[in-house]
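**Student:** Here it is, the structure, as structure tokens.
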Amino acid sequence: MVMLASPIEIWGEELPDTIVFKVLTWKLGQADIHPEYGERIKRIEVLRLNIDRPLAEGRMPWLDITSNRLREVLLPHLKKPDLRRKVFTVRRYGTAPKRVFSVEVTTPVV
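Following this note's numbering, the residues of the sequence shown are numbered contiguously, the last one being 295.
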């Protein structure tokens with residue numbers, strides 16, 4: 186699996202609990218993170234979503250999904266041919282590591 190280029194854009198606490206975006210492209214890869222609870226670097230699987238706009242000022246136009254739960258919910262939608270037309274609304278509930286997500290996928294009528 187490919188190593189993703191830096192920076193890693195994780196959906197951090199400084200961003201709202203609900204985000205809305207369109208996915209332009211995506212890929213599965215790996216990234217090295219520095220957990221708060223240890224000195225070791227940890228290599229994890231990441232789903233990188235190249236999105237239509239940054240989630241906040243000063244952020245990159247991609248979102249790196251590190252949650253196994255959310256990744257598994259998103260992947261079936263990402264593999265569909267009309268991906269670029271879909272609008273994703275993702276909500277998070279609770280705190281890690283028991284955080285859960287809801288995903289709503291709509292296709293606007295043109």
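We treat Cβ as the ideally placed atom computed from N, Cα and C, and that holds for glycine.
Fair warning: this is a prediction, and the values are worked out from it, not measured in the lab.
#1: May I have the straight-line CA-CA distance separating Arg225 from Asp217, to the nearest angstrom?
#2: Look up Arg228 in the DSSP assignment and say whether it is helix, strand or coil.
#3: Exposed or buried, what is Leu260 when buried is set at 16 or more other beta-carbons lying within 10 Å of its beta-carbon?
#4: For Val258, which residues of its own chain have a beta-carbon under 7 Å away from its beta-carbon, when the five flanking residues on both sides are left out?
#5: So, is Asp249 buried or exposed, given that buried needs 16 or more other C-beta atoms within 10 angstroms?
**Tutor:** So, from the listed chains and residues:
#1: 10 Å
#2: Assigned with DSSP and collapsed to three states, Arg228 falls in strand.
#3: exposed
#4: If we look at Val258 and ignore the five residues flanking it on each side, its Cβ neighbours are Phe286 and Val288.
#5: buried
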